[in-house]
């Protein structure tokens, strides 16, 4: 989704996908639907509501089509889903999503470990997905989410050039957007600023979102650097729920609550209401009792004289 | 202390002062000395080892002179202390510190609540301290640490102009350095970048350190912004111990371990060894059993392919 004119930054909530898939328990579908409604009600414009993947691999995502159907009923919500392959893409298209995200590991060892595909196999799959979209679902957007773009626990160092080569290949294959993910929490602000700047040089307007994890407490520091490089879409997960089950040592996404506070404090409009966002945690407490949540704003509050960006102008 | 040539950024450890003064229990002196030794042994070049304040107000700091004496015995360590007034300055000078930090609240209500002085009274005190230094302790540096520079729970919004006016006044009164403190965790990266840039315009080479709290998880994000504004000295507290007992809602300083990791990851040399820094927590566990410590790096580790900045070149 291109950023609307009444917001400056699009906060894309990935908790229902990245969060829930990292938790062993499955959240009951009815509570997921309530949660997604609460997230949308808090002002989030884009939600990645699930993953179209084999329920044998991720039983937590077995109800993805049902969650998509519900999300599509919420006015103004841009509904996205993760899909690892053509089969998942077909299912997501059939379910009616507005956008799919294809995770592409820049690190080939990570790709093989994560989705059991070499780069060559991944490229073929992307080509098939784009062809299917072009032929039968022309309105659906396709984002390539480049995971391990900043380093990988398996491969080790991932060079800028490797990441950019995959980004360019994705553009050639016809995706609409290329985002960068710090899957295992290795990114530092200088690297983030440099790589997103180079990404924009390489693929222009296709340069997409930033997906950061907060493994080493550096998530919001990387947001500052990405903002400087012109990034306007950031993934976050309510309560920091989430992580990558295939990447040892990975921990949760940046916390949506803290991200929204940071952006609004900086004078950047997100359209999100922090009180309603905090209230949306209720459904996580109900659906995943005892699951730890993270974040500073829910505990510390916004501070006495906080104003939303729109009011601060 | 001016940054030495073999490091890019000076990490100034304030745990033995800001950390310990916020904890109700008093750490036994012998363990404090071991802790300070361990911190210096980890490569920290500057440590604020205590506060010369009435032991009735802060019994945790009653042994400040003894800690200073020990710290002075550690080779190459720059020894600093906080002093709220002339009496404290005299004691700190007598103890032999290399530098004193005078906390100056930009917010007058905070000043009155914190040290029971109006701005006019604070300025008189600074003048007296500078006069004493000039006359009898010419080698000791004086830093004005401008607290509530980014906002105050009592006054509310603190404008850039208010902060800069105090900074300029401090320069006129003869201090050697003016630092800015986000006492209650209100600062955002745009404000930090702007205010440190303006500080440098206003007082030139006297522009000093950044002292951030991590109340809303934004501490390291603010470090990124301050780096861009040319700041080369950052305060941190081992394990995030610390806070301001007079500012409701304030929580700990940024975590030294996470700060050092961030800087080194960005290619900025700190001279600090992360393993030895983590080991220094031992003395906090012994001296303040059960006291919660914070930080990501001690749990997550540095990541498989981390290299210190000096090695990365």
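Residue numbers (our numbering), protein chains in the order written: chain S, 18 to 330; chain Y, 18 to 330.
Virtual Cβ for every residue (Gly too), placed ideally from N, Cα, C.
Quick check on the DSSP output: the beta strand (DSSP E) that includes residue 250(Y) runs from which residue to which? Segment 250-253, the beta strand (DSSP E) holding residue 250(Y).
Could you give the uninterrupted runs of the beta strand (DSSP E) lying entirely in the segment 82-129 of chain Y, keeping only those of 3 residues or more? With a minimum length of 3 residues, the continuous beta strand (DSSP E) runs that stay inside the segment 82-129 of chain Y are 95-99, 116-122.
At least 3 beta-carbon pairs within less than 8 Å: the segment 217-225 of chain Y vs the segment 310-330 of chain S: Taking a cut-off of 8 Å on C-beta distances, the segment 217-225 of chain Y does not touch the segment 310-330 of chain S, as fewer than three cross pairs fall below it.
Bridge-paired residues (DSSP) for residue 332(S): The structure shown does not extend to residue 332(S), since chain S spans only 18 to 330, so no value can be given for it.
Distance CB(residue 147(Y))-CB(residue 132(Y)) smaller than 8 Å: Cβ atoms of residue 147(Y) and residue 132(Y): not closer than 8 Å.
Could you check whether residue 121(Y) and residue 164(Y) sit closer than 8 Å to each other, using their CB atoms as the reference points? Using a Cβ distance threshold of 8 Å, residue 164(Y) and residue 121(Y) count as a contacting pair.
Could you tell me the alpha carbon to alpha carbon distance between residue 238(S) and residue 257(S), rounded to whole angstroms? So the alpha carbons of these two residues sit roughly 16 Å apart.
Cβ of residue 70(Y) within 7 Å of any heavy atom in the ligand COA? As far as ligands go, the structure on display features none, and thus does not contain the ligand COA.
Just checking my contact of residue 229(S) with residue 29(S) at CB under 8 Å: how many whole Å lie between their CB atoms? The beta carbons of residue 229(S) and residue 29(S) sit about 12 Å from each other, so the pair does not count as a contact at 8 Å.
Ignore the nearest five residues each way along the sequence and tell me which others in residue 169(S)'s own chain have a CB closer than 6 Å to its CB. If we look at residue 169(S) and ignore the five residues flanking it on each side, its Cβ neighbours are 124, 127, 175.
Work out the CA separation of residue 115(Y) and residue 143(Y) for me, nearest whole Å. Cα to Cα, residue 143(Y) sits roughly 17 Å from residue 115(Y).
Whole angstroms are fine: how far does the CA of residue 285(Y) sit from the CA of residue 227(S)? Distance from the CA of residue 227(S) to the CA of residue 285(Y), rounded to the nearest whole angstrom, comes to 24 Å.
Restricting to Cα atoms, I'd like to know which of 22(S), 192(S), 63(S), 186(S) is closest to residue 32(S). For residue 32(S), the closest C-alpha among the options 22(S), 192(S), 63(S), 186(S) is that of 63(S).
For chain S, find out if any of its Cβ atoms is closer than 8 Å to the Cβ of residue 165(Y); answer yes or no. So no, residue 165(Y) is outside the interface.
Alpha carbons only, please: which of 26(Y), 47(Y), 53(Y) is nearest the one belonging to residue 293(Y)? Looking at the Cα atoms, 53(Y) is the closest of the given residues.
So with CB distances below 7 Å, who are the chain Y contacts of residue 279(S)? Chain Y residues near residue 279(S): 205, 235, 238.
C-alpha distance - residue 327(S) paired with residue 278(S), whole-angstrom precision: Using only the alpha carbons, I get a separation of about 13 Å.
When you compare the CB of residue 173(S) with every CB in chain Y, is at least one pair closer than 8 Å? Yes - at least one Cβ of chain Y is within 8 Å of the one on residue 173(S).
Could you name the residues of chain Y that residue 242(S) contacts, counting a contact when the two beta carbons are closer than 7 Å? Within chain Y, the residues near residue 242(S) are 241.
Continuous alpha helix (DSSP H) stretch holding residue 24(S): start and end: Here residue 24(S) belongs to no alpha helix (DSSP H), and DSSP marks it neither H nor E.
Tell me the rounded alpha-carbon separation between residue 112(S) and residue 198(S). The alpha-carbon atoms of residue 112(S) and residue 198(S) are separated by roughly 25 Å.
Let's see if you can read the secondary structure: which residues bound the beta strand (DSSP E) around residue 213(Y)? Careful: residue 213(Y) lies outside any beta strand (DSSP E), inside the alpha helix (DSSP H) at 206-220.
Whole angstroms are fine: how far does the CA of residue 34(Y) sit from the CA of residue 316(S)? Just so you know, the alpha carbons of residue 316(S) and residue 34(Y) end up roughly 25 Å apart.
Tell me which residue opens and which closes the beta strand (DSSP E) that residue 335(Y) is part of. Lying before the first or after the last residue shown, residue 335(Y) is absent from chain Y, which here runs from 18 to 330.
Measuring straight from C-alpha to C-alpha, what distance separates residue 268(Y) and residue 191(S)? If you take the alpha carbons of residue 268(Y) and residue 191(S), they lie about 49 Å apart.
Simplified DSSP assignment, three categories, for residue 285(S): Residue state, collapsed to three classes: coil.
Proximal chain S residues relative to residue 275(Y), where beta-carbon distance stays under 9 Å: Those are 233, 234, 235, listed as they occur along chain S.
Whole angstroms are fine: how far does the CA of residue 89(S) sit from the CA of residue 74(S)? Residue 74(S) and residue 89(S): Cα-Cα distance of roughly 25 Å.
Contact with chain Y by residue 320(S), beta-carbon distance below 8 Å: Taking 8 Å as the threshold, the shortest C-beta distance from residue 320(S) to chain Y falls below it.
List the residues of chain Y whose Cβ lies closer than 8 Å to the Cβ of residue 268(S), in chain order. By Cβ distance, chain Y contributes 317.
Under 8 Å from the C-beta of residue 117(Y): neighbouring residues of chain S: Simply none; closest approach about 30 Å.
Spatial neighbours of residue 337(Y) within its chain, please: CB distance less than 6 Å, with the 5 preceding and 5 following residues excluded, ordered by chain position. One cannot answer for residue 337(Y) here, as it falls past the ends of chain Y, which runs 18 to 330.
Over what stretch of residues does the beta strand (DSSP E) that includes residue 66(Y) continue unbroken? Element bounds for residue 66(Y): 63-68.
Please go through the same chain and pick out, in chain order, the residues whose beta-carbon is closer than 7 Å to the beta-carbon of residue 322(Y), but skip the five residues on each side of it. No residues qualify anywhere along the chain.
Could you confirm whether any beta carbon from chain Y is found closer than 8 Å to the beta carbon of residue 78(S)? Chain Y contact via Cβ: absent.
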